[in-house]
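Below: one structure, written as structure tokens.
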Amino acid sequence: MDKKKYQFVVVSIFIILMCIISVCAITNWFRGSSPKDVIRSYYDAKDRGDIEFLRQIIFFPQSTTEEEINSRIKSEITGTDEKILTRAVGAKIKVEYEKIIDDQTAEVGVVLKMGLPCFKKRVPFQEIVLKKDDNKWKYSFSKYELSEKQLIEAIKENPYDASAIFHLGRLYQPDNPAKANKYYVKYRELEPQGFWISKELLDQIKKYQKIENEESELLKKLKNTPERSIRRASVYLTLGQLFTEHGDYKKADMYLEQAEKVASSLTSHNSDIEKRLKVAQETFDLAVKGEHLDILSELEAKGAYK
Numbered sequence: 002m003d004k005k006k007y008q009f010v011v012v013s014i015f016i017i018l019m020c021i022i023s024v025c026a027i028t029n030w031f032r033g034s035s036p037k038d039v040i041r042s043y044y045d046a047k048d049r050g051d052i053e054f055l056r057q058i059i060f061f062p063q064s065t066t067e068e069e070i071n072s073r074i075k076s077e078i079t080g081t082d083e084k085i086l087t088r089a090v091g092a093k094i095k096v097e098y099e100k101i102i103d104d105q106t107a108e109v110g111v112v113l114k115m116g117l118p119c120f121k122k123r124v125p126f127q128e129i130v131l132k133k134d135d136n137k138w139k140y141s142f143s144k145y146e147l148s149e150k151q152l153i154e155a156i157k158e159n160p161y162d163a164s165a166i167f168h169l170g171r172l173y174q175p176d177n178p179a180k181a182n183k184y185y186v187k188y189r190e191l192e193p194q195g196f197w198i199s200k201e202l203l204d205q206i207k208k209y210q211k212i213e214n215e216e217s218e219l220l221k222k223l224k225n226t227p228e229r230s231i232r233r234a235s236v237y238l239t240l241g242q243l244f245t246e247h248g249d250y251k252k253a254d255m256y257l258e259q260a261e262k263v264a265s266s267l268t269s270h271n272s273d274i275e276k277r278l279k280v281a282q283e284t285f286d287l288a289v290k291g292e293h294l295d296i297l298s299e300l301e302a303k304g305a306y307k
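Printed below as a string of structure tokens:
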């Protein structure tokens, strides 16, 4: 064997041995790691852009294709803009709690610590579910990924699933803050010191419980708002939803009619406001008939929380 071939063989064997050692080391680390350890390492790997480690630390069902795996891993890597923003606000990831649900499932709560070193603000960030795979904990999914249907099913199965109640409220927040607030109130009732309790959440709960104050604040926004504008229609719509949730159907009807009038006067159609109006009107009609507006209303009517 000539010198070049010999060197090539030696280098190849060395690389293979290093790979084997690396895989064994990672495997051994996994087997002794808690869910908290795994999630800390997951965020470190995201920031480093460590594709191979992410491949091993994320749980992929057997039916997952290689293309889906690669796409998922690529989406997990922290981008440059995100890194710059994170540094700018002084944000640090902290794993706050770990809960073993059963032999194959665990949950970890992650918060952001933001601000100056001596004045870090706690911001609830993620609730992550882990699964056991070959006796190793792996990142499965964030509860932020759960759909409305999945959350409703979870609450039906366990009306005291405070986490599912919070996340369902979070899904309703963009289109109906008043409805979302009802879920936040129930979350606080079930878990007064829960993971998602923060000053911002408590402020929102307080804000939407003082209905007259909120009405006044929303109407102030219309002072310099054109008569024919999406913004005006949106404010009236939010007021209609607010009074529907609080059972003042006379005012709710008045504001929904105003929202419809403004929306129909717009020079161009806005599918988003039209969709929200349709849902708000359907919800109002159900409320007037005394029918349940959502899963929480249904459970409360059945006495699930007595």
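So that you can map any letter, position 75 of the sequence shown is 76 in the working numbering, and since no number is skipped, the others follow by simple counting. Think of the CB as a built atom: it goes at the ideal place given N, C-alpha and C, for glycine as much as any other residue.
(request) Please report how far the alpha carbon of Y209 lies from the alpha carbon of A179, in whole angstroms. (result) 6 Å
(request) Can you give me the start and stop residues for the beta strand (DSSP E) that T106 sits inside? (result) 106–115
(request) Tell whether a beta-carbon distance below 8 Å holds between V130 and K144. (result) yes
(message) Could you compute how far the alpha carbon of L238 sits from the alpha carbon of L300?
(response) 26 Å
(message) Ignoring anything shorter than 4 residues, give me the alpha helix (DSSP H) runs that lie fully in the region 74–157, in order along the chain.
(response) 81–89
(request) Would you mind sorting V137 into buried or exposed? The rule is 16 or more other CB atoms within 10 Å of its CB. (result) Before going further, note that residue 137 is Lys rather than Val in the sequence given. Label assigned to K137: buried.
(request) Taking the CB atoms as reference points, tell me whether I59 and R73 lie closer together than 8 Å. (result) yes
(message) So if DSSP puts I59 in a beta bridge, which residue, or which two residues, is it bridged to?
(response) Y140
(message) If you measure between the beta carbons of L152 and A165, is that distance less than 8 Å?
(response) yes
(request) Give me the Cα-Cα distance between D82 and L219, rounded to the nearest whole angstrom. (result) 34 Å
(request) Pick helix, strand or coil for I22, following the three-state DSSP scheme. (result) A caution first: I22 carries a pLDDT of 44, below 50, which makes its placement in the model too unreliable to give a value.
(message) For the pair the region 230–244 and the region 273–281, tell me if three or more CB-CB distances fall below 8 Å.
(response) yes
(request) Please determine, among P125, Y173, S141, K139, the residue with the shortest C-alpha to C-alpha distance to S148. (result) Y173
(message) Just to confirm the assignment, what range does the alpha helix (DSSP H) spanning A253 have?
(response) 250–266
(request) Pair every Cβ in the region 211–229 with every Cβ in the region 185–202, then say whether three or more of these pairs are closer than 8 Å. (result) no
(request) Please report the Cβ distance between G170 and Y184, rounded to the nearest whole angstrom; I am assuming they are in contact, meaning their Cβ atoms lie under 8 Å. (result) 3 Å
(request) Just the C-alpha distance for A302 and K37, rounded to the nearest angstrom, thanks. (result) 39 Å
(message) So for L223, helix, strand or coil by DSSP?
(response) coil
(request) Determine the DSSP secondary structure at F196, reduced to helix, strand or coil. (result) coil
(request) Confirm, please, whether the CB-CB distance from A107 to E97 is below 8 Å. (result) no
(message) By the DSSP assignment, the alpha helix (DSSP H) with S298 in it spans what residues?
(response) 296–302
(message) I need the straight-line Cα distance from D51 to T79, nearest angstrom please.
(response) 10 Å
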